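Chains as they are written, first to last, in the numbering used here: chain A, 1 to 501; chain B, 1001 to 1256.
A virtual CB, placed ideally from N, CA and C, is assigned to each residue, including glycine.
These figures come from a predicted structure and were not determined experimentally.
Reviewing the structure listed below.
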Amino acid sequence: MDRNTTIAIIVAIIATAVFGGSDIVALIRNPDGYDGPAMVPATLLLIFLLALAAFTVGRAKSVSAAGGHLENLHSRPAYHGLYAMLWVAIAGFGTFVVMDALGLSYVTSLMGEELAAQLKAGGREMLQIEQNLVLQDARRIAEGRVASAVDPLREYLAATFAEIDGTRVVAVCAASLGMAVLAFFMTFAKIGVAFRARNSSERILRTILLMAAGIAILTTVGILLSLIGETLNFTIGVLDWRIDKFLFGTTWSPLSGVHSGDMDPDKVGAVPLFVGTFMITIIAMLVAVPVGLFAAIYLSDFASKSVRAWAKPMLEILAGIPTVVYGFFAAITVAPAIRDAGAWMGVDVAAQSALAAGVVMGVMIIPFISSLSDDVINAVPQSLRDGSYGLGATKAETIRQVVLPAALPGIVSAVLLGISRAVGETMIVVMAAGQGANLTINPLEEVTTVTVQIVMLILGDTDAATAAGPAYTLGFTLFVITLALNLVALRIVRKYREAYD
Amino acid sequence: MDQTTDIKIVSRDVHVYYGENEAIKGVSLEIEDNTVTAFIGPSGCGKSTFLRCLNRMNDTIDVCRVTGDIELDGHDIYAREIDPVQLRARVGMVFQKPNPFPKSIYDNVAYGPRIHGLADSKADLDAIVEHSLRRAAIWDEVKDRLDAPGTGLSGGQQQRLCIARAIATAPEVLLMDEPCSALDPIATAQVEELIHELRENYAVVIVTHSMQQAARVSQKTAFFHLGLVLEYDETGKIFTNPDHEKTQQYITGRFG
Ligand SMILES: Nc1ncnc2c1ncn2[C@@H]1O[C@H](COP(=O)(O)OP(=O)(O)OP(=O)(O)O)[C@@H](O)[C@H]1O
Ligand SMILES: [Mg+2]
Chain A
1 MDRNTTIAII VAIIATAVFG GSDIVALIRN PDGYDGPAMV PATLLLIFLL ALAAFTVGRA
61 KSVSAAGGHL ENLHSRPAYH GLYAMLWVAI AGFGTFVVMD ALGLSYVTSL MGEELAAQLK
121 AGGREMLQIE QNLVLQDARR IAEGRVASAV DPLREYLAAT FAEIDGTRVV AVCAASLGMA
181 VLAFFMTFAK IGVAFRARNS SERILRTILL MAAGIAILTT VGILLSLIGE TLNFTIGVLD
241 WRIDKFLFGT TWSPLSGVHS GDMDPDKVGA VPLFVGTFMI TIIAMLVAVP VGLFAAIYLS
301 DFASKSVRAW AKPMLEILAG IPTVVYGFFA AITVAPAIRD AGAWMGVDVA AQSALAAGVV
361 MGVMIIPFIS SLSDDVINAV PQSLRDGSYG LGATKAETIR QVVLPAALPG IVSAVLLGIS
421 RAVGETMIVV MAAGQGANLT INPLEEVTTV TVQIVMLILG DTDAATAAGP AYTLGFTLFV
481 ITLALNLVAL RIVRKYREAY D
Chain B
1001 MDQTTDIKIV SRDVHVYYGE NEAIKGVSLE IEDNTVTAFI GPSGCGKSTF LRCLNRMNDT
1061 IDVCRVTGDI ELDGHDIYAR EIDPVQLRAR VGMVFQKPNP FPKSIYDNVA YGPRIHGLAD
1121 SKADLDAIVE HSLRRAAIWD EVKDRLDAPG TGLSGGQQQR LCIARAIATA PEVLLMDEPC
1181 SALDPIATAQ VEELIHELRE NYAVVIVTHS MQQAARVSQK TAFFHLGLVL EYDETGKIFT
1241 NPDHEKTQQY ITGRFG
């Protein structure tokens, strides 16, 4: 099987899996108990087979068109096959996805009308929310799932839904199969000696890649826009443009007034959160930078090859530990230990403290600093070290006066990346730093951070729309901070790369 | 000029191994003080390896192992009580590729004197830096920008800066591994001029691939071949009337 065939089959499989995902997964998981429309997986499978057939047939046609002189073909046979296959897959799966989505929204609106008609006939009134619930239940009943309630109206609607939806499924399947078959014949007709199948299929593949990149970019832009939108909402609606109240206010208790009415702009001062965030970040960096840097120096300049071979992966395993594990480690082991140590020395330490969270976060960040610093220290040319040794410098002098200054930009950017991780870290602080927004710079007290407050706002029992304002605004501020840190770090790294290239 | 030709470095039956691979297979040489000694020979024959034995730079290579005796002023440099760091302060080295530190020109030159505590005052240090840069024939080019980074100089200037850096440590022996391979003819001429002057104070050992250069700057020449010194004699003799057929072939470019 050549490369193109492999690509073709992989593309087809992925397409089938993505577009027919839920049904196929359900079918695979539970072949006997599958109660969705069996027509859907069957159709998708057919399209898949048709695409494979298009590949084989297309290739065969190009070979026979060449009449034994393959060198006459503009494109190698596999490209003809690939071209046919891609079009069949796109036509089939594409139609399926589009029709499926359109059909579903059409069915939903039909059901809405049906419900309205039923209500009118029965002379009943119903809130929109309740109507939605009823429709949802009807659908659940039709699909054999558990509904919130069962009554004649719902059962009637369920029957209607099953009927309309059955038609929709048939229509969607027929249309997509039809399109696939059409594509099969159209591409088949095109294949010939002069046909530039390679260029065409490469164009298609390029478009697919472009779409993948586009999805990633659009998602980012979408998230960013919604962040900015909600932040603006909050800035206008609650703060009335008094951004200073958010940025410089010292009282954080955004939900204290919501039950009696509006959010109080004097109680959304984020200073305690940022102070807490920065204090924990500083503690974390006090742990991570020296340890990480020294580890990197040891690994790059002192460790023998064999030690390095196992020590470096070990450090990197540290980076693979989920932060939630660090979190409960901090809360269950480190925080009480610090408190006991404090009690022993006669110092009063809170059960949850900035110190505990910061220290554990520092441990979490060690591998980032050490691994990145190790890379940049290794990138310092051996010739510089030799130059220093050749002048009679010791290893320590060489490292301190030549290697570290040369690697400094890279180390700085490693530290900046570490800081941006610390600022954005959530799990550890949620568990180990506390929730009270008290403004303090005492690391032994309970503090809270930006990320913790976002979690509290979103998970709290306040209505999401109300809580979203301050949460989004905090998130946006955090985003700006980490983005700035990352940009500075990247710029430094880039500059540093140029220095030795 | 009346030159005392004391023996500065003696090597006896030196073998160097990189892991299993024997790169130097028994070299015995006497290197004279106040003399420029050239190492010539085909690529990979072990010139650099042997040169690096003379200031124990090979210690920095994990797999490298040296046997035999090398004496500097009659003292075994591989003896237990010898600190390679101190040795390298006495036996300086200039590398094939210019390798200025990413520091200012001044700090590059001051690096050695600082770590060895050669200067008592700032004025002292200034004097050492200026003297070294003058000797390396680069003072006039850089005297107005001593604070500029050394890496910003041209390749030839960088190499002369590295030479200045090596001189500033006041070594007794200067080892140069193809110091001119990155330089243009003018810079090469300047460096050769410099080597010529250095001879008054130092023993200079230079590895070169240029026969003309070896003939121009050196008084003694050693011809290396496959980890052995096939011939070691007065430069004039090597280039006019070599004893060994291989040497003859090499210097006339008919090697093969
Ligand atoms: N760091 C090292 N590790 C392993 N083998 C090495 C190392 N350095 C040199 N060698 C080997 O030792 C032999 C001699 O190398 P050396 O660098 O001394 O040659 P050279 O005469 O200086 O060559 P050139 O003229 O190309 O610089 C070569 O076979 C080389 O492969
Ligand atoms: Mg060499």
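Per the DSSP calculation, residue i is bridged to which residue(s)?
i: Y1232(B); result: A1222(B)
i: H1075(B); result: L1072(B)
i: R1012(B); result: D1069(B)
i: A356(A); result: According to DSSP, which records beta bridges pairwise, A356(A) is partnered with nothing at all.
i: A330(A); result: DSSP, once it has assigned bridges, lists no residue as partnering A330(A).
i: N1021(B); result: Y1018(B)
i: L1174(B); result: G1092(B), V1204(B)
i: L1029(B); result: S1011(B)
i: V268(A); result: W252(A)
i: I1040(B); result: F1223(B)
i: P1185(B); result: P1185(B) pairs with nothing; no bridge assigned.
i: S1104(B); result: P1149(B)
Restricting to Cα atoms, I'd like to know which of the options is closest to residue i.
i: P1185(B); options: N1034(B), Q1157(B), K1143(B); result: Q1157(B)
i: H1225(B); options: I1007(B), V1142(B), A1023(B); result: A1023(B)
i: S1011(B); options: T1240(B), N1108(B), Y1232(B); result: Y1232(B)
i: T235(A); options: Y472(A), E113(A), G390(A), R145(A); result: Y472(A)
i: V403(A); options: A53(A), I419(A), G390(A), P381(A); result: P381(A)
i: V360(A); options: D348(A), T333(A), M179(A); result: T333(A)
i: T449(A); options: P443(A), A465(A), V429(A), L293(A); result: V429(A)
i: S300(A); options: T398(A), F185(A), I492(A); result: T398(A)
i: A197(A); options: A341(A), S75(A), S420(A); result: S75(A)
i: N1055(B); options: V1063(B), E1192(B), E1030(B), Q1086(B); result: Q1086(B)
i: T1188(B); options: Q1213(B), A1164(B), Y1018(B), E1172(B); result: Q1213(B)
i: L474(A); options: A270(A), A414(A), I366(A); result: A270(A)
i: R1199(B); options: S1210(B), L1175(B), E1020(B), L1228(B); result: L1175(B)
i: A350(A); options: A101(A), G434(A), I366(A), L177(A); result: G434(A)
i: M364(A); options: G292(A), P265(A), R242(A); result: G292(A)
Any beta carbon from chain A within less than 8 Å of residue i's own beta carbon?
i: Q1086(B); result: yes
i: K1103(B); result: yes
i: Y1111(B); result: yes
i: G1092(B); result: yes
i: I1009(B); result: no
i: A1166(B); result: yes
i: I1070(B); result: no
i: A1089(B); result: yes
i: I1040(B); result: no
i: I1115(B); result: yes
In chain A, which residues lie with their C-beta within 9 Å of the C-beta of residue i?
i: M1057(B); result: D386, Y389, G390
i: F1095(B); result: S383, D386, G387, G390
Flag residue i as yes if its beta-carbon sits less than 8 Å from any beta-carbon of chain B, otherwise no.
i: P405(A); result: yes
i: E397(A); result: yes
i: S300(A); result: no
i: A393(A); result: yes
i: D501(A); result: A caution first: D501(A) carries a pLDDT of 46, below 50, which makes its placement in the model too unreliable to give a value.
i: V402(A); result: yes
i: K305(A); result: yes
i: A484(A); result: no
List, in order along the chain, the chain A residues whose C-beta lies closer than 8 Å to that of residue i?
i: R1145(B); result: Here the premise fails: no neighbours, minimum Cβ distance about 19 Å.
i: N1099(B); result: P381, S383, L384, D386, G387
i: C1162(B); result: G387
i: T1060(B); result: R385, D386, Y389
Starting from the beta carbon of residue i, find every residue of chain B whose beta carbon is closer than 8 Å, and list them in chain order.
i: S413(A); result: Within 8 Å Cβ-Cβ: nothing; S413(A) doesn't reach chain B, min ~16 Å.
i: V376(A); result: Neighbours of V376(A) on chain B: none; closest Cβ ~13 Å, over 8 Å.
Which chain A residues are close to residue i, counting only those with a beta carbon under 7 Å from its beta carbon?
i: T1169(B); result: L391, G392
Three Cβ pairs or more, each shorter than 8 Å: is that satisfied between the region 419-427 of chain A and the region 473-487 of chain A?
yes
Contact between the region 142-162 of chain A and the region 108-121 of chain A (3+ Cβ pairs under 8 Å)
yes
Are at least three pairs of beta-carbons, each pair with one atom in the region 354-368 of chain A and one in the region 283-299 of chain A, less than 8 Å apart?
yes
Would the region 189-206 of chain A and the region 60-72 of chain A be scored as touching if the rule is three or more Cβ pairs under 8 Å?
yes
Does the structure place the region 1126-1134 of chain B close enough to the region 1081-1097 of chain B that three or more beta carbon pairs sit under 8 Å?
no
Should the region 81-96 of chain A be regarded as contacting the region 129-147 of chain A, the criterion being three or more beta carbon pairs within less than 8 Å?
no
With contact counted as at least three CB pairs below 8 Å, one residue from each stretch, are the region 401-418 of chain A and the region 481-496 of chain A in contact?
yes
Whether or not the region 97-116 of chain A and the region 205-213 of chain A are in contact is what I'm after, with contact meaning three or more pairs of Cβ atoms, one per stretch, closer than 8 Å; do they touch?
no
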